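The structure under discussion appears below in the form of structure tokens.
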Amino acid sequence: MSGSGRYLRYIVIAVFALAVIFLVSSSSTPSASGLHQSASELLKGSGSIWKGSGSSTPDKSGGTSGDVKDSELPKHTDSFKDNTSPNPVSGETRLPATPAPGERMNATFVTLARNSDVWDISRSIRQVEDRFNRKFNYDWVFLNDAEFDDTFKKVTSALTSGKTHYGKIGKEQWGFPEWIDQDKAKKVREDMHERKIIYGDSISYRHMCRYESGFFFQHDLMKNYEWYWRVEPSIELFCDIDYDPFKFMADNKKKYSFVLSLYEYVETIPTLWDSVKKFMKTHPEHIAEDNSMQFLSDDGGETYNKCHFWSNFEIGNLNWLRGKAYTDFFNQLDMDGGFFYERWGDAPVHSIAAGLMLKKDEIHFFNDIAYYHVPFTHCPTGQQYRIDKKCHCDPKDNFDWNGYSCTKRFYETNGMQLPDGYAVEQ
Ligand SMILES: Nc1nc2c(ncn2[C@@H]2O[C@H](COP(=O)(O)OP(=O)(O)O)[C@@H](O)[C@H]2O)c(=O)[nH]1
Ligand SMILES: *[C@@H]1O[C@H](CO)[C@@H](O)[C@H](O)[C@H]1NC(C)=O
Ligand SMILES: [Mg+2]
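Using UniProt numbering, the letters of the sequence shown map in sequence onto residues 1 to 426.
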């Protein structure tokens, strides 16, 4: 009796040892079909042990391809199925991906930042790479009024999948032009400080707004490109972007785009529209026939309704900004001094330029690019879309149909149908 009992124990130990060997071997050879299959059967429900260290991706997305029926796989698995590495999710990062097929546009990301922005811009970069650029590998240009330090360069170039370029901004483009009365500008800042206007007392913020309005596209590093995508620190992207928005812009003859729109604080731009009207008179040749005046004004151009596209996100055409029309527009505004005598932002400046000098259908609303910049969220309308693109934004946070958003007005201006889901999500 005791002899056969020991026998049985040996058998149990031997079977157990074999099972362990199967597990270990199939973890490194995911294509060993038969053994692998039974091993993975054994492991159902214990995925956390199986994944090993370093992986933060849910087990269902890959790693053990072949052991799950196709119908159980998430629909969108291209990045894993196509991946040539044997275990695409077990590395230190899942950033590297099979490049998306097709041509690349002459395009770059562009970020204006200080050295102290390094961690906030890193969060943005990681999201842009995870959601889009790891498959497209576009370059990234960083601009700064000071020299970028080693930490900034090291950290950001480690996070990006394309080439990185770091540029310094010249003094002429980040300083007071000679025609600005410094005393007058100082009094304005003191007054705005007293009235508690956001950034009202800041000199650097004004230089930043003027630079983004008139100069970033002129930087030597930007001259190599035709398209740009602006990225600011601490933004979020909530959905996968599995096509090339640059190519979309080019194919559809778009020049400027946005994801969020809203009303500007009137205190920062009291005379901006006067300057714009002067420009329309002196340069009627630059005003597009089929323009978006209806988006900018409720009375045919007499007054500005403060609607603007939020320029911390932009995908746009650099050659348009470098062209004669935009240059004349910016120079007129710059001479009038409102960047310093008031606090004109680059958002209304770009928006008014696009609204007046582009044709309506050259401006695009990217409903499918889900985005956050404090304090507003653009979460795409339409549940099926959000599911398909693995969005992680709360649709309740979507700003589009809020009374302070101008996006519905954009739809009306362009005679566009409101998106599916509007009726329930507004
Ligand atoms: N190099 C540099 N970048 C700046 C400066 N001020 C703002 N920025 C950048 O300009 C952009 C807008 O500034 P931000 O502080 O985000 O302004 P907000 O989004 O309007 O609150 C961001 O990309 C900042 O990193 C500055 O003084 N120097
Ligand atoms: C990219 O665009 C810039 C600006 O239009 C142009 O000078 C440059 O030659 C283009 N590069 C390529 C590779 O097409
Ligand atoms: Mg910002």
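The C-beta atom is built at its ideal place from N, Cα and C for all residues, glycine as well.
Since we're looking at a predicted model, the values are computed, not measured.
| Check | Outcome |
| --- | --- |
| I'd like to confirm the pairing. Which residues does DSSP put opposite K168 in its beta bridges? | N144 |
| Return the Cβ separation of S297 and Q332 in integer angstroms, given the expectation that the two are a contact with Cβ distance under 8 Å. | Rounded, the Cβ-Cβ distance is 18 Å, inconsistent with contact. |
| Does the structure place the region 235-255 close enough to the region 123-136 that three or more beta carbon pairs sit under 8 Å? | yes |
| Report buried or exposed for V141, applying the criterion of at least 16 other Cβ atoms within 10 angstroms of its Cβ. | buried |
| What I want to know is whether the C-beta of K223 ends up closer than 8 Å to one or more non-hydrogen atoms of ligand 2. | yes |
| CB L112 to CB N137, shorter than 9 Å? | no |
| Is the closest heavy atom of ligand 3 to the C-beta of H373 under 8 Å? | yes |
| How about N133 and G175: are their beta carbons less than 9 Å apart? | no |
| When the Cα atoms are used, what is the spatial distance from R386 to C393? | 9 Å |
| Starting from H364, follow its DSSP beta bridges and name the residues at the other end. | S257 |
| Which same chain residues end up closer than 6 Å to M416 when comparing Cβ atoms and leaving out the 5 residues on each side of it in sequence? | none |
| Which one or two residues does DSSP pair with residue 435 in a beta bridge? | What the structure shows of the chain is the stretch from 1 to 426, and residue 435 is not part of that stretch, so it cannot be assessed. |
| Exposed or buried, what is K359 when buried is set at 16 or more other beta-carbons lying within 10 Å of its beta-carbon? | exposed |
| Quick one, which of G167, D242, A250 and D328 has its alpha-carbon nearest L221's? | G167 |
| Kindly indicate the opening and closing residues of the alpha helix (DSSP H) around L159. | D150 to L159 |
| Please confirm whether any heavy atom of ligand 2 lies closer than 8 Å to the CB of L321. | no |
| Quick check: the Cα distance between K306 and Y404, rounded to an integer number of angstroms? | 11 Å |
| Determine the burial state of W119: buried for a count of at least 16 other Cβ atoms within 10 Å of its Cβ, exposed for fewer. | exposed |
| In the structure shown, what three-state DSSP assignment does V374 receive? | coil |
| Look up S122 in the DSSP assignment and give the residues it is bridged to. | In DSSP, S122 forms no bridge with anything. |
| Cα separation between L321 and D336? | 19 Å |
| Given this structure, state the Cα-to-Cα distance separating A100 from V128, to the nearest angstrom. | 15 Å |
| Go through its chain and collect everything with a Cβ distance to G301's Cβ below 7 Å, but skip five positions before and after it. | M293 |
| Are at least three pairs of beta-carbons, each pair with one atom in the region 240-254 and one in the region 277-296, less than 8 Å apart? | no |
| Less than 8 Å between the CB atoms is what I'm expecting for P348 and I269, so what's the real figure, rounded? | 6 Å |
| Using a Cβ-Cβ cut-off of 7 Å (strictly less than) and excluding sequence neighbours within five positions of G382, which residues of its own chain qualify? | P419, D420 and G421 |
| Do N312 and Y225 count as a contact pair if the criterion is CB distance below 9 Å? | no |
| DSSP on N137, reduced to helix/strand/coil? | coil |
| With respect to 8 Å, is the separation between the Cβ of N137 and the closest non-hydrogen atom of ligand 2 below this value? | no |
| Considering only the beta carbon of each residue, do E342 and L272 sit closer than 9 Å? | yes |
| Taking the straight line between their C-alpha atoms, what separation do you get for N115 and F148? | 6 Å |
| To the nearest angstrom, report how far apart K389 and D368 are at their CA atoms. | 9 Å |
| Which residue comes first and which comes last in the alpha helix (DSSP H) that contains T413? | T407 to T413 |
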